[in-house]
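Asker: Heads up: the protein sequence lines correspond to chains A and B, in order.
Read in our numbering, the first sequence has 356 at position 373, and its numbers run on one by one without any break.
Read in our numbering, the second sequence has 371 at position 388, and its numbers run on one by one without any break.
This is the structure I have questions about; it appears just below.
Protein chains: 2
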Amino acid sequence: MELGYFSMRIYLDYAASTPVAPEVLKAMTPYWSEKFGNPSSAHSFGREAEIVVDEARETLAKFFEVDFDEVYFTSGATEANNWVAASATNNKQLTTNNSKPHVITTEIEHESLLEPIKELERQGKIEATYLKPSRDGFISASQVEAALNNNTVLVSVIYVNNEIGTVQPIKEIGKVIEKFKSLNVQRLKEKALNLKPSTLYPVFHTDAVQAVQLFEPRLSYIKVDAMTVSGHKLYAPKGVGVLIARKDVPLLPLLRGGGQEFEQRSGTLNVPGIVGLGKAIELLSVKGVRQREHKRLAPLKEQLTNGILQIIPGAKLTTSKEPQAGHIVNVIIPRVQSQIMLIALDQAGIAVSAGAACSAKSVQPSPVLLSLGYSADEALRSLRFSLGRLTTKKEIEATLEILARLAKRFKIA
Amino acid sequence: MELGYFSMRIYLDYAASTPVAPEVLKAMTPYWSEKFGNPSSAHSFGREAEIVVDEARETLAKFFEVDFDEVYFTSGATEANNWVAASATNNKQLTTNNSKPHVITTEIEHESLLEPIKELERQGKIEATYLKPSRDGFISASQVEAALNNNTVLVSVIYVNNEIGTVQPIKEIGKVIEKFKSLNVQRLKEKALNLKPSTLYPVFHTDAVQAVQLFEPRLSYIKVDAMTVSGHKLYAPKGVGVLIARKDVPLLPLLRGGGQEFEQRSGTLNVPGIVGLGKAIELLSVKGVRQREHKRLAPLKEQLTNGILQIIPGAKLTTSKEPQAGHIVNVIIPRVQSQIMLIALDQAGIAVSAGAACSAKSVQPSPVLLSLGYSADEALRSLRFSLGRLTTKKEIEATLEILARLAKRFKIA
């Protein structure tokens, strides 16, 4: 407790979850107990709920530059990613009847994308290629190009990795896929099948959970067909997310029933959550706000990174090559296991993580770090600091001060 | 607008959605922007989120009389029902390798149970028997008994039907299944397979979305293995529900990823929603509260029912046989289509529904009413009034007064 003299706790785990923004909380308020109708109901209570869901959908459609009916609200990013994976089996364009749908993804995806794909592979329903990142945590467009074949129905590449913060070349990968589709049009024309390129495989999906609060969200600009977004990673509440998907994307409903969300995702809509997500996206829609926040975070991240490397000479960044998201710093420290350091920091009031939050309880080394070529031993000594909207210079300074004391205690200073 | 002289709107669609109770809203408050940690995170922000999720889980476990790890939080009842249906394909006890898993359900289930089962049947993954209700809307235990076979892996019967309010003989069906399991133990013993009856098929599941706020929730008492519950039908928010399932139930994860919910349901937990559901169940746990509410509603329902039948002599109840839930009145009115009457009532400030909320936008006749033997024409003239915690005698009187005026206008008085 010698370090517990800071009266405020410092939260540096924004990549795990963010607080709900005051504007978001305020926007949700009327929809709990006053305007509580089921948006599927035809009466005025239902209509007032439907109208605000529509408004949120419109806000999202504008932000992502897609049509109104290309926005599907889900219970979160895990559902959206599972939905995309399951839809890979919904295909009608394969070259031969016996061929299996082929999925290209990467070794550094979030588990909610990787696990359902691995499960479909185990069940023999798909074939999958898992692209290996470079030592610095990047997937290249040429890797994707080399992996494409005529059975490829889905390419899914994470926009910003949640553990190491690398920004993948989504636009370049999109171009490669676009080119492949044009060639496919030629191939199908020869078979007297006239299909628009947009309706052709593969679907290009990106998990943009850690990306849209700082980077380009427009689907046509980054050339993706589908995108996963989570509410609670961008100051909206937990329990709501969205799958943005072009109309041409052959979705296979994961949840069936009342036929909500254009018959693609059943279940009573989470009205307050959706209103909250709409407001959070509205806040991100203000011109320049994402760029300004990235600019504001960059020097804080630099200060934190340099501070850590100075305090702990044996520490190394898991990746240093650009482009990197301005909010994630991942370091491997010498000798001390992440779990030990994490607890010591926590006792001093500082919240950071070791690997992704979802697997924080497990003591397995991060598959992402293993994929980058780190040893299990190294991966078990990684710490992820993630910055957010409330992070201040003072907090970074306090964090470094505490880290210096702990480094001395653990004899890694 | 001649009828718009009531300043207050009257909500009689509690079966579609309920307002969040003030106690529930208050309980959720700290978890938006203050205690906003991800319960999967190991630091103090994560732990304080995990603790309240655990507390809610404990509250539910006590209420349903199950173990702590038999409570799986979901995004709602649709997900829970889809999950149960999908799990029917996860079976390892079928009599022969070629036999398909067999599911017994009813024609009067909610769409979120029926649609995924029909889809699995279309895909050839299961065989399904859909039990037909009596003209009064009841399924009998002997119907279930007659449909059971050695391949039956799942029996799913709705506890209280959401459209007509009939309470099914869940306990009697449970006994029939229990007996069948005991015989199965004998059969398997002869094959030198020693299995506990509890681990045997079929799993008995009930969709209790319209039931637990008024009726017996304890799994062992009503003899079910699994139960679906929705937050927003019992004064907790939309976007949260629960699947209660005995450890022996062979669940097949629908959402994979971070391994939350005992590796069975991935996705960041909706902490405020779960806290809200916990509080809503706590309110229902008070001794006698459900019975008292049922007693309070019974005369209101009777007043409403008698009033309707008196005002509109040609009206008939879709079902009148007991046992019925005290909160649902479903009538078929003469000549006037539900949609017309619904709009007229809505303009006068009264919210009721025609059929289930989820399909309120469609003009299809209710499959439940068709199943009871009503004609499409009759089914399209049905109105569902559903009462709730805020319903008063005054509201019922005002509703009848308005209904009397409308009946005159439509010449059905």
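We put the beta carbon where it would ideally sit given N, CA and C, even for glycine.
Predicted model, so just to flag it, every value in this text is computed and none were measured.
1. With the cut-off set at 7 Å, would you say R364/A and S321/A are in Cβ contact?
2. Would you say I227/A and V7/A are within 7 Å of each other, going by their C-beta atoms?
3. Under 8 Å: do the stretch 92 to 105 of chain A and the stretch 235 to 250 of chain B share three or more Cβ pairs, one atom per stretch?
4. In chain B, which residues lie less than 7 Å from P233/A when you measure between Cβ atoms?
5. In chain A, which residues lie with their C-beta within 8 Å of the C-beta of D329/B?
6. In chain A, which residues lie with their C-beta within 9 Å of the C-beta of L410/B?
7. Reducing DSSP to helix, strand and coil, say where L197/B ends up.
8. Flag this pair as yes or no: are the beta carbons of S213/B and V186/B separated by less than 7 Å?
9. Roughly how many whole angstroms lie between the Cα atoms of Y(-12)/B and A390/B?
10. For T61/A and chain B, any beta-carbon pair shorter than 7 Å?
11. For H215/A, return the contacting residues in chain B, with the cut-off set at a CB-CB distance below 7 Å.
12. So, under 8 Å CB-CB, K230/A and E53/A are touching, yes? Tell me the CB distance rounded to an integer number of Å.
13. Is the beta carbon of I264/B closer than 7 Å to that of L114/B?
14. Rounding to the nearest angstrom, what Cα-Cα distance links I(-7)/A and S27/B in this structure?
15. Closest by CA to I141/B, which one among Y14/B, G356/B and I91/B?
16. Could you tell me whether the stretch 298 to 311 of chain A touches the stretch 274 to 287 of chain A, where touching means 3 or more Cβ pairs closer than 8 Å?
17. Would DSSP call A228/A helix, strand or coil?
18. Taking all protein chains shown into account, do 16 or more other C-beta atoms lie within 10 angstroms of the C-beta of M210/A, making it buried, or fewer, making it exposed?
19. State buried or exposed for Y(-3)/B, treating a residue as buried only when at least 16 other CB atoms are found within 10 Å of its CB.
20. Under 8 Å: do the stretch -1 to 15 of chain A and the stretch 22 to 37 of chain B share three or more Cβ pairs, one atom per stretch?
21. Taking 7 Å as the threshold (beta carbon to beta carbon), is E(-15)/B in contact with chain A?
22. Strictly by DSSP, which residues pair up with T251/A?
23. Comparing alpha-carbon positions, which option in G290/B, I153/B and E102/B lies nearest T72/B?
24. By alpha-carbon positions, which one of Y357/B, A10/B, L266/B and L131/B ends up nearest to F46/B?
25. Please list the partners that Y(-6)/A has in chain B, where partner means a Cβ-to-Cβ separation under 7 Å.
26. Step through the CB atoms of chain A and report whether any lies within less than 7 Å of the CB of F19/B.
27. Between the Cα of I205/B and those of T189/B, Q196/B, A219/B and K216/B, spot the shortest distance and give me the residue it belongs to.
28. Going straight from the alpha carbon of N74/B to that of A281/B, what length do you get?
29. Would you say A99/B faces chain A, with C-beta separation under 7 Å as the test?
30. Have a look at I315/B and E128/B and give me their C-alpha separation to the nearest angstrom.
31. Our contact map puts R367/B next to V335/B with C-beta atoms below 8 Å; I'd like the distance itself, whole angstroms only.
32. Does S82/B get closer than 7 Å to chain A when you measure Cβ to Cβ?
33. So, does the CB of G107/B fall closer than 7 Å to a CB anywhere in chain A?
34. When you compare each of E146/A, Y184/A, N145/A and S165/A to I87/A by their alpha carbons, which one comes out closest?
35. Name, please, each residue of chain A whose Cβ falls closer than 7 Å to the Cβ of L238/B.
36. Checking 7 Å against the spacing of the C-beta atoms, do P84/B and V136/B come in under that value?
Answerer: Working from what's here:
1. yes
2. Contact: no.
3. Taking 8 Å as the limit for Cβ pairs, the verdict is that the stretch 235 to 250 of chain B does touch the stretch 92 to 105 of chain A.
4. None at all; the shortest Cβ gap to chain B is about 16 Å.
5. A25, H26 and S27
6. Residue 410/B lies beyond the range of chain B shown here (-16 to 396); nothing can be said about it.
7. coil
8. no
9. For Y(-12)/B, the pLDDT reaches just 45, beneath the cut-off of 50, and the residue's location in the model is therefore unreliable, although a value from the coordinates is still provided. About 17 Å.
10. yes
11. T251
12. 6 Å
13. No; because the gap between Cβ atoms is not below 7 Å, this pair is not in contact.
14. Going by the C-alpha atoms only, they are around 11 Å apart.
15. I91/B
16. yes
17. strand
18. buried
19. buried
20. yes
21. Only weak support is given to the placement of E(-15)/B: the predicted model assigns it a pLDDT of 42, under 50, and the value that follows is read from those uncertain coordinates. So no, E(-15)/B is outside the interface.
22. Answer by DSSP bridge pairing: none, since T251/A is not bridged.
23. E102/B
24. L266/B
25. F28
26. yes
27. T189/B
28. 43 Å
29. Residue identity differs from the one stated: residue 99/B is Pro in this sequence, not Ala. Cβ-Cβ to chain A under 7 Å: yes for P99/B.
30. 32 Å
31. 6 Å
32. no
33. no
34. Y184/A
35. T61, E62 and N65
36. yes
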